[in-house]
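Heads up: the sequence lines are chains A and B, in that order.
Sequential numbering from -6 applies to the first sequence in our numbering.
Sequential numbering from 620 applies to the second sequence in our numbering.
Beneath this line is the structure, given in structure tokens, with notes to follow.
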Amino acid sequence: MSAVVSPIRKPLITGNKTYHQITEDLISPTEKTPTKEWVIGFIISVAVLTFGVFCILWTIWVGIGSWNLNRTINWSWDITNFVWWIGIGHAGTLISAILLLFRQKWRTGVNRAAEAMTIFAVMCASLFPLIHMGRIWLAMFILPYPNTRGPLWPNFNSPLLWDVFAISTYLTVSLLFWYTGLVPDFATIRDRAKGLRRRIYNTLSFGWTGSAKHWQRWESLSLVLAGLSTPLVLSVHTIVSFDFATSVIPGWHTTIFPPYFVAGAIFSGFAMVLTLMLITRKLLHLEDYITVEHVESMNKVILLTGTIVGVAYLTELFIAWYSGYVYEQFAFFNRALGPYWWSYFGMMFCNVISPQFFWKKSWRRNLTLTFFLSIVVNIGMWFERFVIIATTLARDYLPSSWSLYSPSWVEIGIFIGTMGLFFTCYLIFARVAPVVAVAEIKHILKTGGDQYVGENAVHSHHDTHEETHHDHH
Amino acid sequence: MADNSSKEIIYGLYDDDEILLKAVKEAKKQHLDIYDVFTPFPVHGLDPVLGLEESRLHQAGFIYGALGTLTAFLGMTWIFTKDWPNIFGGKPYWSVPAFIPITFELTVLFAAIGMTVTFYIINGLGPGVVNKHLDDRITDDKFCIAFDKSQVSAAQAESFFRATGASEVNTKTI
């Protein structure tokens, strides 16, 4: 609170805010009638979602034959989209959990929205394996429960079942973490509201009072949930990569997959956070809370993880050559120069080359460039999964069964539909809850506000700071 | 902390967390029995001054986690050695390394759900709970010290609030 802050620290909250001003700025978007931009965005999202639902129903009614999968390429857009969405989800947990453990204060500006994004992305992701089962009405067979089918249990040795556990645990823990953080902020909305709105928000806030003991337990809970989420988020994408790495397909059967997938997940997740936050801060006028400092910090993470991913791509190529194993060598030759060469070069350009722009400080702080590159990165990460999945399967051991693949309208529709689901959920969230964590921003005001730190800090405050500082000793 | 019988509360509102901290220290010095302190965000340094013991929630979390570990590991062991022994890929029935991922996931799941549910129950919070609270501005920008009138007399409380720089003093039955 009145901890000593290094003078070289940049402020994280600008505009000389008071506690009350923070409440006003962050809560009022939920109290006004929706803006025109919001309504237009919402209508488009719901329309796209509706088409996606239609395509899913079509798949269930007609069967998986409505997709363009074939015997050789039996995983393609579905699993590509699944891995892509799951990866996007990872940034939320990284920001809320790992950065909490590392005491990175800039996380408070973006953690709430990033966690919401995690939950919506995981929802989109988990749709794909479910509908890919074909007979979705038998989906409960993947859950281990005593049954009259034998008893018949799922195979606990299978990475696909590990995935079921990993993703459902991830969704549950993220939801608990996110909601527990929201409870005090819902109480703030409640205490500003009247009538029915007050009753609704009282239910949502669980009767929060702000008692000192409750806050103490709340912090204890947040810290332990962060500690649990950190290995959890690493395990989730590790297990997703096991779906491929434990197989015997050349190009999949590599030990580098877990770290490479995790880095890629964080990479794509931060790109999506940036895309969303740059729009959100503009539309909700949150420039004082999501500052250029925040954007720069996230761009540094993108640069780091993008470079890790690049090293992983090159390591894969080297190991394929070095192994002396002709099938492995062919798999990578085929990826780069086979029929899907364009997706390999798309991936290389978007994921390895494009983040290198961020070595330059002024480009890291350029919002237009950041927005553009964040979309490029997400396209690149989609290509990465497509390259790994479809192009590898297209050329297997037996040249007589080699095949090619392009998606059917149903597959395209489902993918676009998940975007609709994601944005519909996000837009509703931005209406009913503060997109920036109110209590947490107040908590860092005295160490992050521009009247306390940075160039424009008011010097008279130094005296009181000094005084309280001595008080503590 | 709060029981069901209604209480006459006298409370002071402060405008800043640092003033609040000094006031709480002063109250402790004067041996005034504080009913509770309410703040809009977790004020660091408040717990030791207020004499709150460290939360044992994380210990509960450890127990829930251990329960998850045992459930997963023993469950899979029983299923694959007793109830449904099957050979997958020539591996032994009891293939421990393959059990690790699910064991880990259930450890995390049990710990997280258990701790969160415990948190809400011991705090008396939950969907539909209506806790009478003292002032609407406590979740905005006011920091509140509350005394139970049966413990601290109104005159004593008022002079304390005046001396420690409270911006407002009110009474309320909760």
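Think of the CB as a built atom: it goes at the ideal place given N, C-alpha and C, for glycine as much as any other residue.
Listed in chain order, the non-local C-beta contacts of B/L725 below 8 Å within the same chain comprise G687, T688, T690 and A691, local neighbours out to five positions each way being set aside. Per the coordinates, the alpha-carbon of A/M270 lies some 8 Å from the alpha-carbon of A/V103. Taken in chain order, the members of the stretch 192 to 204 of chain A whose beta-carbon sits within less than 7 Å of a beta-carbon on chain B are N195, T196, F199, G200, W201, T202, G203 and S204.
In terms of beta-carbon proximity, A/R210 lines the interface with chain B, with at least one pair separated by less than 8 Å. Taken through DSSP and simplified to helix, strand or coil, B/T726 comes out as helix. Counting C-beta pairs with one atom in each stretch, the stretch 299 to 314 of chain A and the stretch 362 to 369 of chain A have fewer than three that are closer than 8 Å, which means they do not touch.
Cβ-Cβ distances below 6 Å link A/W375 to W77 in the same chain, with the five nearest sequence neighbours on each side left out; the list follows chain order. For A/T165, the nearest CB of chain B lies under 8 Å from its own CB, placing it at the interface with that chain. If you check each beta-carbon in the stretch 233 to 254 of chain A against every beta-carbon of chain B, none falls closer than 7 Å. Assignment of beta-bridge partners to A/Y398 by DSSP yields no partner.
Of all C-beta pairs linking the stretch 378 to 386 of chain A to the stretch 403 to 412 of chain A, fewer than three are shorter than 8 Å, placing the two stretches out of contact.
The beta-carbon distance between A/P177 and A/A432, rounded to whole angstroms, is 5 Å. This is short enough to meet the 8 Å contact definition.
Chain B places no beta carbon closer than 8 Å to that of A/D389, leaving this residue out of the contacts. Residues of the stretch 742 to 771 of chain B that bring their beta carbon within less than 7 Å of a beta carbon in chain A comprise N742, L744, G745, P746, G747, V748, V749, N750, H752, D755, I757, T758, D759 and D760, in sequence order. Taking 8 Å as the threshold, the shortest C-beta distance from A/N150 to chain B falls below it.
Taking a Cβ-Cβ cut-off of 8 Å, the neighbours of A/A180 in chain B comprise T758, given in sequence order.
Per DSSP, reduced to three states, the secondary structure at B/Y712 is coil, with no helix or strand assignment. Taken atom to atom, the span from the alpha-carbon of B/V656 to that of A/P427 is near 25 Å. B/A730 and A/Y337 have their C-alpha atoms spaced approximately 42 Å apart. Sequence-distant partners of B/P704 (beyond 5 residues in either direction) whose C-beta falls short of 8 Å from its own C-beta, in its chain, are Y712. Taking 8 Å as the CB threshold, B/Y630 stays off the interface with chain A.
Put simply, the backbone Cα of B/E627 is about 33 Å away from that of A/S215. Residue range Y12 to E24 is occupied by the alpha helix (DSSP H) that includes A/Y12, with no beta strand (DSSP E) assigned at that position. Among the CB atoms of chain B, one or more fall inside 8 Å of the CB of A/T16. Nearest in C-alpha terms to A/L5, of all of A/T308, A/T284, A/P224 and A/L397, is A/T284.
Per DSSP, reduced to three states, the secondary structure at B/G631 is strand. Neighbours of A/H436 in chain B, taken as residues whose beta carbon is under 7 Å from its own, are F660 and P661 in chain order. Linking A/I232 to A/Y445 through their CA atoms gives a straight-line distance of about 45 Å. Not a single C-beta of chain A is nearer than 8 Å to the C-beta of B/D652. With a threshold of 16 other beta carbon atoms within 10 Å, A/L307 falls short and is exposed.
Against chain B, a Cβ distance below 9 Å from A/D184 picks out H752, D754, D755, R756, I757, T758 and D759.
Residues of the same chain with a CB within less than 6 Å of the CB of A/L87, apart from the 5 flanking positions on each side, are I259 in chain order. By the criterion of at least three beta-carbon pairs nearer than 8 Å, the stretch 247 to 255 of chain A is in contact with the stretch 298 to 306 of chain A. Fewer than three beta-carbon pairs drawn from the stretch 181 to 193 of chain A and the stretch 93 to 102 of chain A are found closer than 8 Å, and the two stretches are therefore not classed as touching. Straight across, the Cα-Cα distance linking B/S778 with B/P659 is about 25 Å.
Assignment of B/I740 by DSSP, reduced to helix, strand and coil, places it in the helix class.
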